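In this text, residue positions in the sequence shown follow the numbering used here: the first is 28, and each later residue adds one.
Note that CB positions come from ideal geometry on N, CA and C, so glycine has one too.
Since we're looking at a predicted model, the values are computed, not measured.
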Amino acid sequence: MSGMGLPVYLKEPLPEPVPVAGCDVCGALAEQRAAAYAVGDWSKATDCNVEMRRHPHRNPHRKRGPSARTRN
């Protein structure tokens, strides 16, 4: 065996999330992300992007997953 594994296929990175107008949490995360980029802290900027994507907003067109359903 040559010791080489299977090839790795990466997807294109996601675009940066856009903060929702009027949302204080999104606004704070956008400011933190900008500050992180300014000092070259790409890890912190990525963390802010992830948190912004996961931050819930009421959107009637958004599908709800099983964890969002209430139990009887």
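Same chain, Cβ closer than 6 Å to residue i, neighbours up to 5 away in sequence not counted
i, result
"Pro46", "Cys53, Gly54 and Ala57"
"Lys71", "Ala63"
Own chain partners of residue i with C-beta closer than 8 Å, once the 5 adjacent residues on each side are dropped
i, result
"Cys50", "His82 and His84"
"Trp69", "Ala63"
DSSP state of residue i mapped onto helix, strand, coil
i, result
"Gly54", "helix"
"Tyr64", "helix"
"Glu78", "helix"
"Ala72", "helix"
Nonlocal neighbours in the same chain, by C-beta distance under 7 Å from residue i, ignoring five residues either side
i, result
"Arg80", "Pro44"
"Arg60", "Ala72, Cys75 and Asn76"
"Glu78", "Leu56"
"Arg89", "In this prediction, Arg89 scores a pLDDT of 49, lower than 50, which makes its location untrustworthy; the coordinate-derived value is nonetheless stated afterwards. Excluding sequence neighbours, Arg89 sits near nothing in its chain."
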